[in-house]
Amino acid sequence: MEWPSPARSGSEWAMRASPDRHVMGCVFFSRTLEMKGLLTLAWFLACSVPAVPGSLLQLKVMIEKVTRKPALMSYGFYGCYCGWGGQGTPKDCTDWCCWMHDRCYARLEKKGCNALTQVYRYRIACGLVTCGRGSLCQMQLCACDRHFVYCLKRNMRSYNPLYQYFPNFLCI
Numbered sequence: 101m102e103w104p105s106p107a108r109s110g111s112e113w114a115m116r117a118s119p120d121r122h123v124m125g126c127v128f129f130s131r132t133l134e135m136k137g138l139l140t141l142a143w144f145l146a147c148s149v150p151a152v153p154g155s156l157l158q159l160k161v162m163i164e165k166v167t168r169k170p171a172l173m174s175y176g177f178y179g180c181y182c183g184w185g186g187q188g189t190p191k192d193c194t195d196w197c198c199w200m201h202d203r204c205y206a207r208l209e210k211k212g213c214n215a216l217t218q219v220y221r222y223r224i225a226c227g228l229v230t231c232g233r234g235s236l237c238q239m240q241l242c243a244c245d246r247h248f249v250y251c252l253k254r255n256m257r258s259y260n261p262l263y264q265y266f267p268n269f270l271c272i
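Here the sequence shown is numbered in my numbering, starting from 101 and rising by one per residue.
Written out as structure tokens, the structure is:
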């Protein structure tokens, strides 16, 4: 299961209607994230916060604001794919989110985007992430990160503390 190509900008992903997608009981997309224009405008007027710069370090903030879990302790070494590198089969839905995020970054790297250090603009308002304008790389990177944190949020029930500091040599 792959996310849509990062060739689409964040706003195109938000406007595109797609059914809920499930693999092995994991929820990767949800119709509830696709809000109509007027509702979205009202939501952001009520809850808006200023845009903040982002990078790999800002992904930590995005994870924490959306999932309300400490990013590094909860996901930094989780399963076979959360954190640096990855091998084997993802352990659960949370680990599958990390696997897909790794693939999204790899596609961006192939296009010449520096997914680890590229700065982009985004807003977080009431748990919703909105990617700001920027270069194609910036918008696609933000879309990868946004889909990742939403995937983590939707699959929080799969989170297993036994995989929190899972040794990589067991990933086969």
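Here a beta-carbon is modelled for each residue, glycine too, at the ideal position from N, C-alpha and C.
Does the Cβ-Cβ distance between residue i and residue j come in under 7 Å?
i	j	result
Tyr263	Tyr178	yes
Val249	Met162	yes
Cys180	Cys271	yes
Val166	Gly227	yes
Just to check my reading of the structure: residue i and residue j have Cβ atoms closer than 8 Å, yes? What is that Cβ distance to the nearest angstrom?
i	j	result
Cys231	Cys213	Wrong, their Cβ atoms sit about 14 Å apart, outside the cutoff.
Gly176	Gly186	Their Cβ separation, rounded to whole angstroms, is 13 Å, which puts Gly176 and Gly186 out of contact at 8 Å.
Gln240	Leu216	In fact, because the Cβ distance is near 14 Å, the residues do not count as touching under 8 Å.
Ser155	Gln218	7 Å
Leu159	Asp245	5 Å
For the pair the segment 180-199 and the segment 250-258, tell me if three or more CB-CB distances fall below 8 Å. yes
Is the segment 179-190 touching the segment 222-229 in the sense that three or more CB pairs, one from each, lie closer than 8 Å? no
May I have a chain-ordered list of the alpha helix (DSSP H) segments no shorter than 4 residues that lie completely inside the segment 211-240? none
Those runs of the alpha helix (DSSP H) which lie wholly inside the segment 143-209 and span at least 4 residues: 156-167 and 171-175
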